[in-house]
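Novice: The opening position of the sequence shown corresponds to residue 8 in the numbering used here, with each subsequent residue numbered one higher.
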Amino acid sequence: MISLKSPREIELIGENARIVANTLALMRKHAKVGVTTRELDRIAEDYIRSEGAEPSFLGYGNPGFPGSICASVNEAVVHGVPNDRPLEEGDILGVDVGANSKGFHGDGAVTIPIGTIGPVAQRLLSTTERALLAGIDKARPGGRLGDISAAIQSVAEAEGFSVVRSLVGHGIGRNLHEDPQVPNFGRAGKGLRLKAGMVLALEPMINVGRYEVEMLDDEWTIVTADRELSAHFEHTIAITVDGPRILTVASPEFVV
Ligand code: MG
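1. Would you say M222 faces chain D, with C-beta separation under 8 Å as the test?
2. Taking the alpha-carbon of D48 as reference, which of P93, K12, E22 has the nearest alpha-carbon?
3. Would you give the residue range spanned by the alpha helix (DSSP H) that M34 belongs to?
4. How would you label R172, buried or exposed, when you count the other beta carbons within 10 angstroms and need 16 or more for buried?
5. For H177, is the beta carbon positioned less than 7 Å from some heavy atom of the ligand MG?
6. To the nearest angstrom, how far is the alpha carbon of I9 from that of D91?
7. Give a yes or no on whether the C-beta atoms belonging to I159 and L207 are separated by under 8 Å.
8. Does the ligand MG have a heavy atom nearer than 7 Å to the CB of D114?
9. Is any heavy atom of the ligand MG found at a distance shorter than 7 Å from the C-beta of E136?
10. Straight-line CA distance for L223 to N81?
11. Apart from the five residues on each side of it in sequence, which residues of its chain come closer than 7 Å, Cβ to Cβ, to I26?
12. May I ask you to list the residues that DSSP assigns as paired with H267?
13. Over what stretch of residues does the beta strand (DSSP E) that includes E221 continue unbroken?
14. Could you tell me the distance, in whole angstroms, from the CA atom of G150 to the CA atom of D98?
15. Say the cut is 7 Å; is the CB of E185 nearer than that to a heavy atom of the ligand MG?
16. Do the CB positions of E96 and I119 come within less than 8 Å of each other?
17. CA-CA distance, T247 and G115?
18. From what residue to what residue does the beta strand (DSSP E) around V84 run?
19. Decide if P251 is buried, meaning its Cβ has at least 16 other Cβ atoms within 10 Å, or exposed.
20. Considering only C-alpha positions, which residue in the set G167, G21, K109, V102 is nearest to V269?
21. Along the beta strand (DSSP E) that carries L100, what are the first and last residues, could you check?
22. Cutting at 7 Å between CB atoms, please list the residues of its own chain near A238, excluding the five before and the five after it.
23. Closest by CA to F192, which one among F111, Y218, H86, N23?
24. Going by C-alpha to C-alpha distance, which of I20, A28, V262, V84 sits closest to A232?
25. Any heavy atom of the ligand MG closer than 7 Å to the CB of A208?
26. So, at 6 Å on beta carbons, what are the nonlocal neighbours of S258 in its own chain, with the 5 sequence-adjacent residues on each side left out?
27. Give me the residue from T228, A157, R15, I124 with the minimum Cα distance to A138.
Following this line, the structure appears as structure tokens:
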């Protein structure tokens, strides 16, 4: 069941998405060599609560997720648990953040280079972000869900990278995860008809090597099966009559 959101509901989702984008900007500022993801988690939680919102990921699931951010380093794809390992020069750090207040959620992610990263890592990050923007550009009334999926896939595969199959983007609103599921691979012209009022979290997860992933013993962290690098970018967007509108936009004072 796919719910179409009213302008007021989109505004409320947007308030949370702005808090998410501000948090991600704070993470970019603070994620440096020697900093731990547990320290970043604390900074994120404090900021989200200072805005009168709650971190959507903290306690999510059963047993509940033990952090306010997902922090996924290098071969970790998503759902990494914040820990005490200091970040190292050349790491890539995926940070995923959710915030909820007034009955609605926002969701977003970035992958942050720590110090100077290698050329392949650089190309992975720029490609994954570009794939996300290509997918967003297809989020228009009258299009199909497969248009988004295919656009993301083609940007990634043109660079020789692979698209994670088993994890997908999603609708978002009163719940963090709503229908429809939005795969990052697929065929243009296929799938659900897109309509104004749909609000989606689009989130390509792109691997340098093969697309297969597996879960670590912590029962949260998803890593690439071949332990090659993976990157993740995510925006919450609304489909409007005028086309896609990105809701995870940081306030001017957070933009560096
Ligand atoms: Mg998401």
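In this text, a Cβ means the ideal position worked out from N, Cα and C, and glycines have one as well. Remember, predicted model here, so these are calculated numbers, not experimental data.
Specialist: With the structure as the only source:
1. The structure shown contains no chain D, having only a single protein chain.
2. Out of P93, K12, E22, P93 has the C-alpha closest to the C-alpha of D48.
3. Looking at the DSSP string, the run of the alpha helix (DSSP H) that includes M34 is 14–37.
4. It is exposed - the Cβ of R172 has fewer than 16 other Cβ atoms within 10 Å.
5. Judged by the Cβ position, H177 qualifies as a neighbour of the ligand MG at the 7 Å threshold, a heavy atom of the ligand being closer than this.
6. D91 has its alpha-carbon roughly 40 Å from the corresponding atom of I9.
7. At the C-beta level, I159 and L207 stay beyond 8 Å of one another.
8. Within the cutoff, so yes.
9. Not so, every heavy atom of the ligand MG lies at least 7 Å from the Cβ.
10. L223 and N81 have their C-alpha atoms spaced approximately 14 Å apart.
11. Take I26, set aside five residues on each side of it, and the residues of its chain with a beta-carbon closer than 7 Å to its own are I55, E58, A60, A106, G113, in chain order.
12. Residue 267 lies beyond the stretch modelled for the chain, which goes from 8 to 263, so this question has no answer here.
13. Per DSSP, E221 belongs to the beta strand (DSSP E) from 220–222.
14. Roughly 38 Å between the two C-alpha positions.
15. Answer for E185: no, Cβ out of range of the ligand MG.
16. Going by C-beta atoms, E96 is not nearer than 8 Å to I119.
17. Between the alpha carbons of T247 and G115 lies a distance of about 19 Å.
18. In the DSSP assignment, V84 falls within the unbroken beta strand (DSSP E) covering 83–85.
19. Residue burial annotation: P251 is buried, with at least 16 other C-beta atoms found within 10 angstroms of its C-beta.
20. Only positions 8 to 263 of the chain appear in this structure, which leaves residue 269 out of reach.
21. Per DSSP, the unbroken beta strand (DSSP E) holding L100 starts and ends at 99–108.
22. I99, G101, T118, L131, L132, T135, I213, listed in sequence order.
23. Here the closest residue by C-alpha is Y218.
24. Closest by alpha carbon: V84.
25. Of the heavy atoms belonging to the ligand MG, at least one sits nearer than 7 Å to the Cβ of A208.
26. Within the same chain, and ignoring the five residues on either side of S258 in sequence, the residues whose Cβ sits closer than 6 Å to its Cβ are N29.
27. Closest option to A138, Cα to Cα, is A157.
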